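Numbering (this note's numbering), first residue to last: 1 to 294. Ideal Cβ positions, reconstructed from N, Cα and C, are used throughout, including at glycine. Only a predicted model underlies this, so the values are computations on that prediction, with no experimental measurement involved. Remarks on the structure that follows.
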Amino acid sequence: MTENTVTKQTLAELPHAQRDRLAFIDFSLQFFGHVARTDLIQRFKTGLAASTRDFSTYKELAPDNLVLQHQTKSYHRTETFQAIFNHDPEVILSSLSRGFGNGISTGVQPTEQCFDAVRLIHPSTQIISGLMRAIHNKKAIKCGYVSVSSGETIRAIVPHSLVNNGHRWHVRAYDRKNNKFRDFVCTRFTFVDLMEDSLHVHEASPYDEQWNQLVELILIPHPNLKQSRAIEMDYGMSDGVLKVQQRAAVAAYVLRQWQVDCSQGYALYGSGCQLALQNLDALKLLENVSLVPG
């Protein structure tokens with residue numbers, strides 16, 4: 001019987017509540033890089049003695065996964081870390097975007113009565129966890145990245161946010177090669193390694209102007225529609241208008257995902273566009289305006 005099999009068998013024998021707490025420890029180490037007893041106490045409202053026992057149990061199951069740093073009184077992820085819980089990428093990305101739940105990540109179980117016909121391709125858990133540790137700890141990363149134009153290159157970037165743009169997950173990051181903030185598709189990373197050098201001030205998210213710029217999009221049913229009420233109902237419009245606040249860095253993706261006609265004179269009707277952008281001047285605020293329909 002392998003060590004991994006023994007670990008899973010031991011986990012299965014533990015009370016469900018304790019498995020939740022151990023999963024939280026495992027999750028925090030993998031995706032944030034560190035965890036403290038105070039985190040466990042705050043999350044699960046347990047006492048100091050109980051949290052100490054949980055860390056002792058986790059260390060018995062995976063002694064090489066964590067090391068205590070006495071200066072910070074927190075446990076840190078080691079280079080030899082191997083997760084003892086299976087954290088499904090789709091569930092983890094959903095949990096990270098909505099707020100971490102109970103810690104135990106299981107795959108999405110579809111039903112025959114209700115299903116999602118369009119599902120995103122998700123990056124691997126190793127890539128997600130590497131990006132999240134960099135974001136959480138404000139670190140740069142050295143990474144392999146495959147682009148359509150230049151193939152695989154080795155880059156140094158400073159990620160600050162993960163974004164679901166409707167088509168795929170990307171990370172918003174400062175690109176040290178081009179000296180500007182850009183979007184990188186998460187599934188195109190071949191590896192992610194944290195760097196220990198200090199960040200420059202201009203690489204932090206407060207200096208990402210497109211990320212911090214809010215843009216109001218005023219959406220209307222396409223003017224060429226004869227029956228606009230159906231579209232008004234689809235999008236919960238009030239008086240035939242839907243106002244959406246978005247970050248400038250994300251707005252073009254929303255307009256593309258919703259197939260909003262952004263052309264002068266609204267010439268794209270018949271190409272799948274049932275919405276139109278009323279305030280076309282908002283496009284002047286977008287750096288990636290080439291992504292929008294029209």
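Quick check on this structure: which residue in the options has the alpha carbon closest to the alpha carbon of residue i?
i	options	result
I154	F191, L131, F181 and Q246	F191
Y253	L291, T125 and S228	L291
G236	Q227, A12 and L219	L219
L283	P159, V163, Q210 and D239	Q210
M195	N137, S205, E287 and I141	I141
R77	H34, R43 and Q71	H34
Q71	L48, V215, P63 and A36	A36
T46	Q69, K59 and A17	A17
D183	K138, Q259 and N164	N164
N178	F189, F44 and E203	E203
V201	R188, M233 and K180	K180
A83	L93, L68, P221 and K59	K59
R256	S95, S150, N288 and A49	N288
I92	Q69, I127, L68 and C262	I127
Y145	Q245, A156 and Q246	A156
V148	L131, T187, L225 and S124	T187
T38	K73, A12 and P15	K73
Q199	R21, A134, D54 and S94	Sequence inspection shows Leu at residue 199; the Gln mentioned does not correspond to that position. It is A134.
K226	D208, S263, Q274 and Q264	Q274
Measure the CB-CB distance between residue i and residue j and report whether it falls below 7 Å.
i	j	result
Q278	A248	no
P293	Y266	no
Y75	L66	yes
S56	L40	no
F31	S129	yes
V185	Y174	no
H136	E90	no
S161	R176	no
C143	F189	yes
L217	V244	yes
Please list the terminal residues of the continuous alpha helix (DSSP H) segment that includes residue i.
i	result
I295	Outside the modelled stretch of the chain, which goes from 1 to 294, sits residue 295, for which no answer is possible.
V250	A248 to Q257
Q264	Note, Q264: premise wrong, no alpha helix (DSSP H); not H, not E.
D54	L48 to L61
Q210	E209 to N212
R229	R229 to D234
Could you pull the DSSP bridge partners for residue i from this structure?
i	result
V289	V289 is not bridged to any residue.
R155	C143
W169	N164
Q69	S74
L275	P221 and V260
L242	L219
H34	H76
D64	In the DSSP output, where bridge partners are listed per residue, D64 has none listed.
Along the chain, where does the beta strand (DSSP E) containing residue i start, and where does it finish?
i	result
I41	Counting along the chain, I41 falls outside any beta strand (DSSP E), though it belongs to the alpha helix (DSSP H) covering R37 to F44.
F24	Taken as a continuous stretch (DSSP letters only), F24 belongs to no beta strand (DSSP E), being part of the alpha helix (DSSP H) at H16 to F31.
H76	S74 to R77
R182	K180 to V185
F81	Per DSSP, F81 belongs to no beta strand (DSSP E) and is neither H nor E.
D281	Unbroken run through D281: none, as it is neither H nor E.
L199	Per DSSP, L199 belongs to no beta strand (DSSP E) and is neither H nor E.
D193	F189 to L194
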